[in-house]
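Q: Just so you know, we're using the numbering used here here: the sequence shown kicks off at 272 and counts up by one.
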Amino acid sequence: MPEPENTPAPEPTPTTPPETLPADAPEVEKWKALSRQNEQRWKTASKELEDLKAAQLSDADKALADARAEGRKSALSEVGTSLVQAEIRAQAATAGVSVSTDYLDLNRFLADDGRADAEKVKGYIESLPKPSTEPKFPELQGAGYHRGGGPGVTSMDPSELADLIAGGRFL
Numbered sequence: 272m273p274e275p276e277n278t279p280a281p282e283p284t285p286t287t288p289p290e291t292l293p294a295d296a297p298e299v300e301k302w303k304a305l306s307r308q309n310e311q312r313w314k315t316a317s318k319e320l321e322d323l324k325a326a327q328l329s330d331a332d333k334a335l336a337d338a339r340a341e342g343r344k345s346a347l348s349e350v351g352t353s354l355v356q357a358e359i360r361a362q363a364a365t366a367g368v369s370v371s372t373d374y375l376d377l378n379r380f381l382a383d384d385g386r387a388d389a390e391k392v393k394g395y396i397e398s399l400p401k402p403s404t405e406p407k408f409p410e411l412q413g414a415g416y417h418r419g420g421g422p423g424v425t426s427m428d429p430s431e432l433a434d435l436i437a438g439g440r441f442l
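(1) Whole angstroms are fine: how far does the CA of S403 sit from the CA of A382?
(2) If we call anything under 8 Å between Cβ atoms a contact, is I359 one with V370?
(3) In this structure, does DSSP put Q382 in helix, strand or coil?
(4) Since I believe K393 is in contact with Q362 (beta carbons under 8 Å), could you give me their beta-carbon distance rounded to a whole number of angstroms?
(5) May I have the straight-line CA-CA distance separating A443 from K324, to the nearest angstrom?
(6) Is it buried or exposed for A387, if we count other Cβ within 10 angstroms and need 16 for buried?
(7) State yes or no: is the C-beta of L399 within less than 8 Å of the C-beta of V368?
(8) Under 8 Å, do L347 and D376 count as touching if we go by C-beta distance?
(9) Helix, strand or coil for L442? Go by DSSP, reduced to three states.
(10) Starting from A387, follow its DSSP beta bridges and name the residues at the other end.
(11) Tell me where the alpha helix (DSSP H) around K333 begins and ends.
(12) In terms of alpha-carbon separation, which member of N378, R379, A336, K401 lies closest to A366?
(13) Taking 8 Å as the threshold (beta carbon to beta carbon), is Y374 in contact with chain C?
Right under this line is the structure:
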């Protein structure tokens, strides 16, 4: 009985010729580029497969898929406003701004899929006035309700404190 020959399998050749890559590119960059190309091809093939599956569905299956999509969108729109509220509060907290969502039309901040649109929320938060970073002017003694004068406590001697209290100066 003759022995089968052990011939090595031919190496798979990349679909993109290596001439498209720069000759001086490091090995890592070459593989990254090939990986990106393969990922793009995979996305394209996946999209074509989904389109073919959708084309082969019967009318009942299409109606069922449409009903599922509509149900999902309806459910997300019901909770979407609370998602928008949470997104507004989170972005406002990171920006250091206080915002009330009581009188806002939260549906304006929803994306097409029923979730909170972070870009719309970001635009709104950026339009709000920023809190003042200037220090508050210190209140002056002797002006307004902070009238100065009067005897100050010079020591913590109990007899001196009793005299001040008895004189009604602290009341």
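All residues carry an ideal CB built from backbone N, CA and C; glycine is no exception.
A: The answer reads as follows:
(1) 32 Å
(2) yes
(3) As written in the sequence, residue 382 is Ala, which differs from the Gln given in the question. A382 falls in the coil class under three-state DSSP.
(4) 6 Å
(5) An answer regarding residue 443 cannot be provided, because it is not within the stretch 272 to 442 covered by the chain.
(6) buried
(7) yes
(8) no
(9) Because the pLDDT at L442 is just 44, under 50, the model does not fix this residue reliably, and the value given afterwards should be weighed accordingly. Of the three classes helix, strand and coil, the one that applies to L442 here is coil, per DSSP.
(10) L381
(11) 330-366
(12) K401
(13) Within the model displayed, chain C is absent; a lone protein chain is all it includes.
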